[in-house]
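One rule links them: number in the numbering used here = place in the sequence shown (from 1) + 10.
Working notes for the structure below.
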Amino acid sequence: MSQFPIYRPRRLRMSENIRRMVRETTLSAADFIYPLFVVHGKGIKKEIASMPGVYHLSVDLLPQEVEDVAGLGIPAVILFGLPAAKDPVGAENFAKDGVVQQATRAIKAAVPELTVITDVCLCEYTDHGHCGLIKGAIGGNPECCASSVGLPDCCILNDETLPVLGQVAVSHARAGADVVAPSGMMDGMVGAIREALDDAGYAHVAILSYAAKYASAFYGPFREAAESPPQFGDRRTYQMDPANAREALREVALDIQEGADMVMVKPALPYLDIIRQVRDAFDYPVAAYNVSGEYAMIKAAARMGWLDERNAALESLIAIKRAGADAILTYWAKDAARWIGGVA
Ligand code: PBG
């Protein structure tokens, strides 16, 4: 290898044009998936305190919103719903007039070509806030769930949750969802959803699995936005231990075997190594979720005048792309699409 002074890396950094010419990674609006929090009611656009620039939106405001999103070249949105009421099973999750079902129909009517992805999970809909059914709630052993020592294993009813997830996915597909995204980290969820979709005549609906989803402190603001914090215990018996990387590859392999079309790593920035390993190990599209806490950190620092939001956000997004992500779920999708004006 030629060395200094023969080789001077700075020669190729001398102008923006030359930097552009040798740039290894680019961002495009087509990389982004924009999350939307949909609520019942009319004319509601309410900012989420810990996520400035992110709103609860009622269904009637969605057509305008998704026209903006599509106009910016963003190919997809992912929907999270806040139900009118919560119960042990989360009945609105698979109701024909559930908020996500209504939102999906409204978006598809307004901008049919925009890809609608729906998050498939129980936590926003259940009164206990967990991603699976729990024993106490359906006549099992309430003491088990009431334990103050974290969340005991016996509490989450993994296999009993699977048909509910299948039902939710089918009801989203029926409303017009193009892609369903199971995020609850239940074992077997992808297989159960694939089978339910196929049986109901939705073989064409794709599955984006939250395959390697970690039990992360960075979901804090989202749980405020989605009103979905667990009412007792935590999610560590189903979401992954942040210390584990090899296990992520097993999780991804399983989801692919069960029929996932795309796999997700979540969060993104603290898990760039996982994104890279998944990209290298599997020839499947990889998505990464630049989560609420990653967004809130930069927003807060920018408000304090400690960071430049635009530069910090774009650097985060390019890093996620460079690590190997094909698609990035990000609350900056609209801003970033504007900032880069197509491609950067
Ligand atoms: C639901 C779900 C969560 C997120 C996406 N889907 C929260 C959680 O697991 O508690 C987090 C997204 C974010 O923080 O931006 N299971």
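We treat Cβ as the ideally placed atom computed from N, Cα and C, and that holds for glycine.
Under the DSSP definition of a beta bridge, which residues are partnered with residue i?
i, result
"Thr340", "Asn300"
"Val215", "Per DSSP, none; premise fails for Val215."
"Tyr224", "Met250"
"Lys55", "Leu67"
"Phe42", "Ile338"
"Ala210", "Bridge partners of Ala210: none, in fact."
"Leu167", "Leu143"
"Ser136", "A small fix is needed here, since residue 136 is Thr in this sequence, not Ser. Bridge partners of Thr136: Asp97."
Shortest alpha-carbon distance to residue i belongs to which of the options?
i, options, result
"Pro192", "Pro239, Thr247 and Leu132", "Leu132"
"Asp244", "Ala255, Ser226, Glu261 and Phe232", "Ser226"
"Val76", "Val64, Ala116, Val49 and Glu57", "Ala116"
"Asp97", "Asn27, Val301, His140 and Tyr212", "His140"
"Ala297", "Val64, Ala101 and Ile127", "Ile127"
"Ala263", "Pro73, Asp283, Ala39 and Asp290", "Asp290"
"Phe104", "Ala113, Thr36, Leu175 and Val301", "Leu175"
"Glu304", "Val130, Ala347, Ala94 and Leu324", "Leu324"
"Gly63", "Ala120, Val121, Ser181 and Pro45", "Pro45"
"Ile308", "Pro240, Glu237 and Phe228", "Phe228"
"Ile88", "Met314, Ile203, Gly186 and Asp251", "Gly186"
"Gly81", "Ala40, Phe242 and Ala310", "Ala40"
"Val288", "Glu319, Tyr248, Asp336 and Thr247", "Asp336"
"Ala179", "Ala120, Thr114 and Phe242", "Thr114"
"Pro240", "Glu134, Lys56 and Ser25", "Glu134"
"Tyr294", "Ala310, Gln267, Arg320 and Ser302", "Gln267"
"Ser238", "Gln112, Asp197, Arg29 and Thr136", "Thr136"
"Ala347", "His214, Ser25 and Arg320", "Arg320"
"Arg332", "Thr171, Ala253, Gln111 and Arg33", "Arg33"
"Gln177", "Ala202, Gln74 and Asp169", "Ala202"
"Val130", "Glu170, His182, Met31 and Ile54", "His182"
"Phe292", "Arg20, Glu123 and Gly334", "Gly334"
Closer than 6 Å by C-beta to residue i: which residues in its own chain qualify, once you throw out the five before and the five after it? Chain order, please.
i, result
"Ser60", "Pro231, Glu234 and Ala306"
"Asp70", "Lys52"
"Ala216", "Val189 and Asp271"
"Ala86", "Ile43, Thr125 and Ile127"
"Ala258", "Ala222 and Ile284"
"Ile350", "Leu37"
"Arg184", "none"
Does DSSP put residue i in a helix, a strand or coil?
i, result
"Ala94", "coil"
"Thr128", "strand"
"Met61", "strand"
"Tyr17", "coil"
"Pro36", "Per the sequence shown, the amino acid found at residue 36 is Thr instead of Pro. If DSSP states are grouped into helix, strand and coil, Thr36 belongs with coil."
"Phe242", "coil"
"Val48", "strand"
"Ile330", "helix"
"Val109", "helix"
"Leu172", "helix"
"Val178", "helix"
"Ile88", "strand"
"Ala202", "helix"
"Pro192", "strand"
"Gly351", "coil"
"Glu325", "helix"
"Met31", "helix"
"Ala120", "helix"
"Glu102", "helix"
"Gly186", "coil"
"Asp345", "helix"
"Ala235", "helix"
In chain order, what residues of the same chain have a beta carbon less than 7 Å from the beta carbon of residue i, not counting five sequence neighbours either side?
i, result
"Tyr281", "Tyr224 and Val275"
"Asp265", "Val200, Ser219, Ala221 and Val273"
"Ile144", "His138, Cys155, Cys165, Ile166 and Leu167"
"Met314", "none"
"Lys118", "Val126 and Gly186"
"Lys56", "Tyr65 and His66"
"Arg204", "Ile217, Glu268 and Gly269"
Might you give, ordered along the chain, the residues of its own chain that have their beta carbon closer than 8 Å to the beta carbon of residue i, omitting 5 neighbours on each side?
i, result
"Asp78", "Lys344"
"Asn300", "Pro277, Ala278, Leu279, Ser326, Leu327, Ile330, Ile338, Leu339, Thr340, Tyr341 and Trp342"
"Val109", "Val48, Val49, His50, Val69, Gly91, Leu92, Pro93, Ala94 and Glu102"
"Tyr17", "Met11"
"Met250", "Met195, Ala222, Lys223, Tyr224, Ala225, Glu257, Ala258 and Glu261"
"Leu72", "Leu46, Val48, Ala113, Ala116, Ile117 and Ala120"
"Arg29", "Leu22 and Arg23"
"Ala210", "Val180, Ala183 and Arg184"
"Gln111", "Ala105, Ser181, His182, Arg184 and Ala185"
"Ile58", "Phe47, Val64, Tyr65, His66, Pro231, Glu234 and Ala235"
May I ask you to check if the CB of residue i is nearer than 8 Å to at least one heavy atom of ligand 2?
i, result
"Ser193", "For ligand 2, the structure offers nothing, since it holds only ligand 1."
What are the start and end residues of each continuous beta strand (DSSP E) run of 3 or more residues lying completely inside the region 258-323, in chain order?
272-276 and 296-300
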